[in-house]
Amino acid sequence: MQPVLLWLRRDLRLADNPALTRALDTGQPVIPVYLHAPEEEAPWFPGAASRWWLHHSLNALSCALTAAGSRLILRQGGSLECLLQLLDETGAGQVIWNRTYEPALIQRDRRIKAALKDRGVRVESCNSALLFEPWTVSNKSGEPYRVFTPFWKACCAKGLPDDVATLPESITAPAHWPVSDDLKQWALLPRISWDQGLAQRWQPGEAGAHHALERFLAHGVLTYKTGRDLPGQPGTSRLSPHLHFGEIGPRQLIRACQRLQQQGIGTEGSTSVAAFIREIGWREFAFHLLFHFPQTPEHPLDQRFEHFPWRKPEDYADDLAAWQHGLTGIPLVDAGMRELWHTGWMHNRVRMITASLLVKNLGIPWQEGARWFWDTLVDADLASNTLGWQWTAGCGADAAPYFRVFNPVLQGERFDGQGAYIRHWVPELEHLPDRYLHAPWTAPASLIPPAYPRPRVDLGASRKTALAAWEQLKEHSRLSPGGSVP
DNA sequence: AGCCTTTTGAG
DNA sequence: TCAAAAGGC
1 MQPVLLWLRR DLRLADNPAL TRALDTGQPV IPVYLHAPEE EAPWFPGAAS RWWLHHSLNA
61 LSCALTAAGS RLILRQGGSL ECLLQLLDET GAGQVIWNRT YEPALIQRDR RIKAALKDRG
121 VRVESCNSAL LFEPWTVSNK SGEPYRVFTP FWKACCAKGL PDDVATLPES ITAPAHWPVS
181 DDLKQWALLP RISWDQGLAQ RWQPGEAGAH HALERFLAHG VLTYKTGRDL PGQPGTSRLS
241 PHLHFGEIGP RQLIRACQRL QQQGIGTEGS TSVAAFIREI GWREFAFHLL FHFPQTPEHP
301 LDQRFEHFPW RKPEDYADDL AAWQHGLTGI PLVDAGMREL WHTGWMHNRV RMITASLLVK
361 NLGIPWQEGA RWFWDTLVDA DLASNTLGWQ WTAGCGADAA PYFRVFNPVL QGERFDGQGA
421 YIRHWVPELE HLPDRYLHAP WTAPASLIPP AYPRPRVDLG ASRKTALAAW EQLKEHSRLS
481 PGGSVP
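Residue numbers 1 to 486, in UniProt numbering, belong to the letters of the first sequence in order.
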């Protein structure tokens, strides 16, 4: 019987996978394929941490498919060329996939869909990644939302989808399997092994995603509202990389939350679960914004910021390097940057704080931070990363106003009071008493650990400079709206 | 989802 | 005198 191709991309799971369900519903044999074509994601080629995750996730998916009586076929090259080749080799007449939403991938998929249809191939695409696809939500005048709360209200009014297809017991195999690449030959893993920290922390793949969810449901979600702010405690879901690669989907999370809500979980539990669902909403909002404003990975949504007086690369290179390597001399910031480097992930509150320091105190353009996060995060996601950086820089939709500057000393005292997080990631400061831990430069000279750098910025002075620059920019924009600044 | 300074008002 | 509230960036 004529098989169908199931083209897997950011949907590396078997449960709640509409494209897989559709493929099974045809009653024909299914050939699952993953195509490696990183250049098609230009200019946002997958970063090193992301490639590490992809390698292990594909391994896991391949095992799961094998256990279900199927296989994962790997091919490298242009996606269209690979698909045509596979259609030719297998005699398949239909391709099914789940949609992606990054600008470059939308273009590619559109091109491929048209080319396949031209050749008489049946093509079908589904939604696995989102509760609401970006073109299905708009305000009364038909415009995309630019503010989160009304956006999310409109989503909730539609009803959050929680319909989840059951896990297939087996997947019908074709009479003949096409040959597959050997995953190792794609060289997704780093050549020098800096990845032990990642391997220790993460279990990529669908099973790992469900372990992470179970842990969170049992230990984090009921205290999420306050627990998520404490970087020294595992109070967040840590699902972001699993979500990015589609090892688990938002509908599954909504369903799990609704099950919890039906049990008696008390007021704190209930508001905590609601807070978590709201975070899923921010993820949806990020996709909404990226789809409707595809220039935002590179350009600020608020055009006034095109003329912001950022420092120049030759002036900030040393500060940028110090920030990247966790050597700014500001403990909470260095702790976060080192957590990122060692585990490919950073606690959300610390992301806001490290980003604020880069953009506001160091005067470095947010795009530099976005690029570094892109390369080092295992959860690097163009939509979420763009929203996060523009939020911090104050130039995005519903962003934090520019004048909101985080003070990493105060934030440390407030959210890492006992210093568990800082001491874990900045061992030079292990023995510094709590009262000096967040600002070692205020300690008596005899207590300051010589191995730890002096702070690279004066937090108070740089804050003033940043606010003054913002006031001036506003003034210029008022005088010459949309125009250039002298 | 902030910080800093000034003002207010109870004691 | 000091904590809380308010106001500006």
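Ideal Cβ positions, reconstructed from N, Cα and C, are used throughout, including at glycine.
Between residue 168 and residue 395, the alpha-carbon positions lie close to 45 Å from each other. According to the DSSP assignment, residue 272 belongs to the alpha helix (DSSP H) that extends over 266-292. Between the alpha carbons of residue 144 and residue 138 lies a distance of about 5 Å. Straight-line measurement puts the Cα of residue 393 at about 16 Å from the Cα of residue 289. For residue 305 against residue 134, the beta-carbon gap comes to about 23 Å, at or over 8 Å, which does not count as contact. Residue 381 places its beta carbon 7 Å or farther from that of residue 210.
Residue 241 has its alpha-carbon roughly 15 Å from the corresponding atom of residue 197. The alpha carbon of residue 453 has as its nearest neighbour, out of 326, 141, 36 and 459, the alpha carbon of 326. Beta-carbon to beta-carbon, residue 330 and residue 234 are separated by about 24 Å, too far to satisfy the 8 Å threshold. In this structure, residue 335 keeps its C-beta atom at 7 Å or more from the C-beta atom of residue 328. The secondary-structure analysis by DSSP pairs residue 95 across a beta bridge with 5 and 123. Residue 76 carries a strand assignment under DSSP once its states are collapsed to helix, strand and coil. Taking the CA atoms as reference points, residue 75 sits about 10 Å from residue 178.
Under the criterion of beta carbons closer than 8 Å, residue 24 and residue 68 do not qualify as touching, at roughly 11 Å.
DSSP assignment within the stretch 135-208 yields the following whole alpha helix (DSSP H) runs of 4 residues or more, N-terminal first: 148-158 and 196-201.
Take residue 270, set aside five residues on each side of it, and the residues of its chain with a beta-carbon closer than 8 Å to its own are 261, in chain order. When 378, 280 and 333 are compared, the shortest CA-CA separation from residue 51 is found for 378. The three-state secondary structure of residue 36, taken from DSSP, is strand.
Note on residue 318: under 16 other CB atoms within 10 angstroms of its CB, so exposed under the neighbour-count rule.
Each of 121, 436 and 202 was checked against the Cα of residue 346, and the nearest Cα belongs to 202.
With respect to the C-alpha of residue 256, the residue from 195, 308 and 217 having the closest C-alpha is 217. A check of alpha carbon separations from residue 412 across 433, 333 and 108 identifies 333 as the nearest. For residue 31, the three-state secondary structure derived from DSSP is strand. Spanning the alpha carbons of residue 438 and residue 231 requires a straight line of approximately 14 Å. Fewer than three Cβ pairs drawn from the stretch 20-34 and the stretch 220-229 lie within less than 8 Å of each other, which leaves the two stretches out of contact. For residue 220, the closest of 276, 250, 188 and 193 by C-alpha to C-alpha distance is 276. Residue 65 and residue 239 have their C-alpha atoms roughly 22 Å apart. Setting aside the 5 residues that flank it on each side, residue 320 is surrounded in the same chain by 364 and 368, each with a C-beta closer than 7 Å to its C-beta; the list follows chain order. The beta-carbon distance between residue 86 and residue 5, rounded to whole angstroms, is 6 Å. This is short enough to meet the 8 Å contact definition. DSSP places residue 229 outside both helix and strand once states are collapsed to three, so it counts as coil.
Inter-residue distance for residue 258 and residue 213 is about 14 Å (C-alpha atoms, whole angstroms).
Unbroken beta strand (DSSP E) runs of no fewer than 3 residues, entirely contained in the stretch 403-430, are not found. DSSP places residue 223 outside any alpha helix (DSSP H), giving it a letter other than H or E. As the crow flies, the alpha-carbon of residue 303 is around 19 Å from that of residue 148. One Cα belongs to residue 122, the other to residue 93, and the distance between them is close to 6 Å.
Here DSSP, grouped into helix, strand and coil, assigns residue 395 to coil.
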